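Peer 1: Be aware that the sequence shown starts at 0, since it is given in numbering that gives the first Met the number 0, and climbs by one per residue.
Handing you a structure now.
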Amino acid sequence: MLNPKWLITFETLVKTQSFTKTAECLFMTQPGVSQHIKKLENALGEALIFREGKQFELSQAGTLLNEYIASQKQLKEAFLAQLKEDNPNQGPIRIACSGAMAMKIYPLLLAHQQQHPELSVHIEAAPASRIHAQLMENVIDIGISTQPINHPSIEETLIGKESLCLVVPSVSQVDPQDYHALSQLGFIQHPDANQYADLVLSKNYPKHYRGLEGFQDSGYVNQLAQILLPVSQGLGFTVLPESVVDSFAERDKLRCLSLRHPVYQQVYLAQKRYRQLPQRYQTVIEIIQIALK
Numbered sequence: 000m001l002n003p004k005w006l007i008t009f010e011t012l013v014k015t016q017s018f019t020k021t022a023e024c025l026f027m028t029q030p031g032v033s034q035h036i037k038k039l040e041n042a043l044g045e046a047l048i049f050r051e052g053k054q055f056e057l058s059q060a061g062t063l064l065n066e067y068i069a070s071q072k073q074l075k076e077a078f079l080a081q082l083k084e085d086n087p088n089q090g091p092i093r094i095a096c097s098g099a100m101a102m103k104i105y106p107l108l109l110a111h112q113q114q115h116p117e118l119s120v121h122i123e124a125a126p127a128s129r130i131h132a133q134l135m136e137n138v139i140d141i142g143i144s145t146q147p148i149n150h151p152s153i154e155e156t157l158i159g160k161e162s163l164c165l166v167v168p169s170v171s172q173v174d175p176q177d178y179h180a181l182s183q184l185g186f187i188q189h190p191d192a193n194q195y196a197d198l199v200l201s202k203n204y205p206k207h208y209r210g211l212e213g214f215q216d217s218g219y220v221n222q223l224a225q226i227l228l229p230v231s232q233g234l235g236f237t238v239l240p241e242s243v244v245d246s247f248a249e250r251d252k253l254r255c256l257s258l259r260h261p262v263y264q265q266v267y268l269a270q271k272r273y274r275q276l277p278q279r280y281q282t283v284i285e286i287i288q289i290a291l292k
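What follows is the structure, encoded as structure tokens:
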């Protein structure tokens, strides 16, 4: 790496065209200026100037180095200007969240991007563990999860809640209080099934529920948009967030049982504790909060 002091000396020499004036500007001696130039030439392995008495001319390497120094100054100025500008309607929006949350907020964020085309939305459906990892690696700027991360480097804010639905086929006549009839329907498994089922079934059927092992396994789907398809066809029931149920294309083929004890999952917004978010995220967070109301 080139010594910054040598580069400053060279830049000043080119500007003043005088070893004496360079020494005065930098509060150095003339031999000190000559020494800096010599060290720079040794580091580059190239002659930078050709002396002619008290005058000098730049070599080809000297001309290239002078252009390089000027370009680096321009890059620095542009970078500092960009930092100060922080345009709220420009730049990438990088988010990871659950699949259910992605279905809910992605259309809203795309609508926001349509109004401000210089924004770009990057969203990934991911479990809490991956959200945590991506935050720590600075792959994303914010994460949205229903499971607290609880890490000293992560700051979490409770931004809302979402109800969980016990979803059965609309043709089913099962009574919400009839646990046996419900168990006869069979359960449609999915990646979050155990978590959701434990929350809803243990609270509403505490005397009977002992885990999903007590239900007939009627299938497994890991694609969020497809989980409700077998339910709509009368093949079983499942538990999912209300937003997923409401976004299903054939909503009329589903029925959410009326629960004696409604269950809500809390939604947390997570970000790096000591990393200030760009201004564009202020509107993004407001959009997410409105979506959760």
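All C-beta atoms in this analysis are idealised placements derived from N, C-alpha and C, irrespective of residue type, glycine included.
Treat the numbers as computed from the prediction; the structure is a model and nothing was measured.
D174 by DSSP, collapsed to three states: which one?
Peer 2: coil
Peer 1: Can you give me the start and stop residues for the beta strand (DSSP E) that E155 sits inside?
Peer 2: I153 to P168
Peer 1: From what residue to what residue does the beta strand (DSSP E) around T237 run?
Peer 2: T237 to P240
Peer 1: Helix, strand or coil: which one does DSSP assign to I130?
Peer 2: helix
Peer 1: Per DSSP, F305 forms a beta bridge with which residues?
Peer 2: The chain is shown from 0 up to 292; residue 305 falls before or after that span and cannot be answered.
Peer 1: If you reduce the DSSP assignment to three classes, tell me which class K206 lands in.
Peer 2: coil
Peer 1: My understanding is that P304 touches N149, with C-beta atoms under 8 Å, so please give their C-beta distance in whole angstroms.
Peer 2: With the chain covering 0 to 292 only, the question about residue 304 has no answer from this structure.
Peer 1: In the DSSP assignment, find the beta strand (DSSP E) that holds Q281 and state where it starts and stops.
Peer 2: Per DSSP, Q281 belongs to no beta strand (DSSP E); it is in the alpha helix (DSSP H), R279 to A290.
Peer 1: Would the segment 269-286 count as touching the segment 136-149 if we require 3 or more Cβ pairs under 8 Å?
Peer 2: yes
Peer 1: Of all the options Q275, E56, E241 and R279, which has the alpha carbon lying nearest to the alpha carbon of E161?
Peer 2: E241
Peer 1: Could you check where the beta strand (DSSP E) with K37 kicks off and where it finishes?
Peer 2: Note, K37: premise wrong, no beta strand (DSSP E); alpha helix (DSSP H) at Q29 to L43.
Peer 1: Can you tell which of Q232, G233, Q265 and P151 has its C-alpha closest to the C-alpha of L198?
Peer 2: Q265
Peer 1: Give the straight-line distance between the Cα atoms of S144 and N41, rounded to the nearest whole angstrom.
Peer 2: 56 Å
Peer 1: So with Cβ pairs under 7 Å, would you call N193 a contact of chain C?
Peer 2: Looking at the structure shown, chain C is missing, and only one protein chain is on hand.
Peer 1: Go through its chain and collect everything with a Cβ distance to F247's Cβ below 6 Å, but skip five positions before and after it.
Peer 2: L227
Peer 1: Would DSSP call L253 helix, strand or coil?
Peer 2: strand
Peer 1: Under 8 Å by Cβ, that's how I've got L211 and A192 pegged, so tell me the actual separation to the nearest angstrom.
Peer 2: 7 Å
Peer 1: F18 and L47 look like a contact to me (Cβ under 8 Å); what is the Cβ gap, rounded to whole Å?
Peer 2: Not really, about 13 Å apart at Cβ, beyond 8 Å.
Peer 1: Just to confirm, is the Cβ distance from V166 to V173 under 7 Å?
Peer 2: no
Peer 1: Would you report the Cα separation of L234 and P277, rounded to the nearest angstrom?
Peer 2: If you take the alpha carbons of L234 and P277, they lie about 47 Å apart.
Peer 1: Let's see if you can read the secondary structure: which residues bound the beta strand (DSSP E) around A269?
Peer 2: Y263 to K271
Peer 1: In whole angstroms, give me the CA-to-CA distance for T282 and E84.
Peer 2: 17 Å
Peer 1: Tell me the DSSP secondary structure of A224 in three-state form.
Peer 2: Here A224 sits in helix by DSSP.
Peer 1: Between which residues of its own chain and L258 is the CB-CB distance below 6 Å, once the five residues before and five after are set aside?
Peer 2: N203
Peer 1: For H115, collect the residues of the same chain with a Cβ closer than 6 Å to its Cβ; drop the 5 residues on either side in sequence, then sort them by chain order.
Peer 2: N88
Peer 1: Excluding the 5 residues flanking Y105 on each side, which residues of the same chain have their C-beta closer than 6 Å to its C-beta?
Peer 2: I122
Peer 1: Using DSSP with H/G/I as helix, E/B as strand and the rest coil, what is H121?
Peer 2: strand
Peer 1: Taking the DSSP output, what are the residues bridged to P91?
Peer 2: S119
Peer 1: Taking C-alpha atoms, which residue in Y178, Q194 and L184 lies nearest to P205?
Peer 2: Taking only the C-alpha atoms, the option nearest P205 is Y178.
Peer 1: Out of curiosity, what's the CA-to-CA distance linking P91 and I286?
Peer 2: 16 Å
Peer 1: In whole angstroms, what separates the C-alpha of D216 from that of R279?
Peer 2: 45 Å
Peer 1: Do you know offhand how far L25's Cα is from E66's?
Peer 2: Looking at the two C-alpha atoms, the distance is approximately 21 Å.
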